[in-house]
Amino acid sequence: MTGAEKNIFAEFLDTAAAALSGGYYSQRVVYNFADDRPDVPDVPRAALTNDTLDSIAAEIRACTRCPLHRERKNAAPGEGIVQPLVLVIGEGPGADEDASGRPFVGKAGQLLDKMLTSIGLSREKNCFIANIVKCRPPGNRDPEPEERAACIPFLQRQLAILKPLVILSAGRISATTLLETGEGISRLRGIWKHYQGIPLLPTFHPSYLLRDESKKTLAWEDMKSLCRRIAELDSGYEAETAALRSARHI
Ligand code: URA
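For the sequence shown, counting from 1, position 43 maps to 42 in numbering that gives the first Met the number 0; every step adds exactly one.
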């Protein structure tokens with residue numbers, strides 16, 4: 000583990016676990032992304048359309064289905080790898096994402112990356128990062144129900160192609176929209192549900208963790224739960240993270 004990586008981990012966890020200095024980060028992590036994962040049963044739509052992630056992204060960038068398009072600089076369709084271990088679903092782009100057209104690249108995104116890294120995940124390697132709405136709500140207000148409803152078909156079409164092993168839903172808007180519930184995020188977080196047949200874990204939004212550091216302990220519980228669930232479902236990840244899970248008591 001390099002000094003910089005140690006800092007990243009310590010900053011996220013802010014716990015004694017940060018003192019760990021296992022060799023995990025110095026190992027090269029190679030997962031098998033061969034197309035051998037059984038198809039998720041209820042997402043056959045991509046096979047019936049000409050959808051690709053690129054064609055969906057192009058539609059998103061040209062979309063005028065809701066008022067959010069009026070003030071956007073760039074839509075942020077999502078990024079990462081296909082057949083990811085984890086599809087992270089946030090709320091919607093903020094100023095940095097609107098400027099760059101990439102999801103979760105601001106301060107919250109940097110924390111999200113640290114959270115993922117702490118359990119052997121990243122958008123470059125084994126995750127896809129997306130949002131409920133793809134255009135920035137002005138002033139970072141909550142996206143309106145009609146805006147979410149207009150945008151969610153894009154996410155569902157992405158899901159049909161991505162076929163993630165599990166979903167990590169970040170924050171209240173994401174969890175309540177996907178699970179169609181009015182329950183608060185404090186009650187929802189840490190409890191596994193399903194979305195379209197795919198295991199889904201709600202957790203706090205990284206922006207919330209930046210505002211209330213005391214919630215990082217619970218967020219770490221969620222990351223451990225996510226890590227355990229993926230290890231149960233994917234033997235490659237199970238093997239690659241064995242040392243990490245043992246060192247961090249996951
Ligand atoms: N917050 C989100 O929910 N998504 C982003 O892409 C950035 C910040």
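Note that beta-carbon positions come from the ideal geometry of N, C-alpha and C, so glycine has one too.
Between the alpha carbons of N49 and L161 lies a distance of about 14 Å. Residue burial is scored here from C-beta neighbours: G108 has at least 16 other C-beta atoms within 10 angstroms and is therefore classed as buried.
T175 and L187 have their C-alpha atoms roughly 9 Å apart. If you draw a 10 Å sphere on the C-beta of G77, you find 16 or more other C-beta atoms in it, and that means buried.
Under the three-state reduction of DSSP, P142 is assigned to coil, being neither helix nor strand.
The count of Cβ pairs closer than 8 Å, one atom from the stretch 143-156 and one from the stretch 238-249, stays below three, leaving the stretches out of contact. Around the beta-carbon of T63, fewer than 16 other beta-carbon atoms lie within 10 Å, marking it exposed. A contact between stretches requires three or more CB pairs, one per stretch, nearer than 8 Å, and the stretch 117-130 fails this requirement with the stretch 205-213. Pairing E96 with R135 gives a Cβ-Cβ distance under 8 Å. In the three-state reduction of the DSSP assignment, E78 falls in the strand class. Placement of the Cβ of G93 at a distance of less than 7 Å from at least one heavy atom of the ligand URA is found. P66 carries a helical assignment under DSSP once its states are collapsed to helix, strand and coil.
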